[in-house]
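Engineer: Submitted below is the structure of interest, expressed as structure tokens.
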Amino acid sequence: MIADRVVQAALKLVLEPIFESDFKPVSYGFRPKRRAQDAIAEIHFYGTHGYRGVLDADIAACFDEIDHAALMDRVRMRIKDNQVSFAGEGILEGRSPDGAR
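Residue numbering for the sequence shown follows the working numbering, starting at -4 and increasing by one per position.
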């Protein structure tokens, strides 16, 4: 649904700059201005500077396993706008912007 994508894009614009600084510089998955080529370049750099290991982690069904209530508690600690919180909860619960499921 187009309305869902609009809400998701708007939330991304609000939340991304606030939470982006929490991530480690060596984290590349789904981050702005970071490409697979950047990760490969970093691996090459460390590989040529004495490091001999690489950790590739992917948690199966990660989104489904995240405690959504705990996640929203963390979001609410940083975001005081109730409309943003409600929209975020709606996405986590699979609810459309109009409240329908």
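By construction, the Cβ of each residue, glycine as well, lies at the ideal position given by its N, Cα and C atoms.
If Gly85 sits next to Met67, beta carbons under 8 Å apart, how far is it from one beta carbon to the other, in whole angstroms?
Structural biologist: Rounded, the Cβ-Cβ distance is 11 Å, inconsistent with contact.
Engineer: Could you check whether the region 55 to 75 touches the region 3 to 22, counting it as contact only if at least three pairs of C-beta atoms, one from each stretch, sit closer than 8 Å?
Structural biologist: The region 55 to 75 is in contact with the region 3 to 22.
Engineer: On a Cα-Cα basis, can you pick out the residue from Gly89, Ala(-2), Asp17, Gln32 that is closest to Phe58?
Structural biologist: When only C-alpha atoms are compared, the closest one is Gly89.
Engineer: Report the three-state DSSP secondary structure of His44 (helix, strand or coil).
Structural biologist: Coil.
Engineer: Could you spell out where the alpha helix (DSSP H) holding Val9 opens and where it closes?
Structural biologist: Looking at the DSSP string, the run of the alpha helix (DSSP H) that includes Val9 is -3 to 14.
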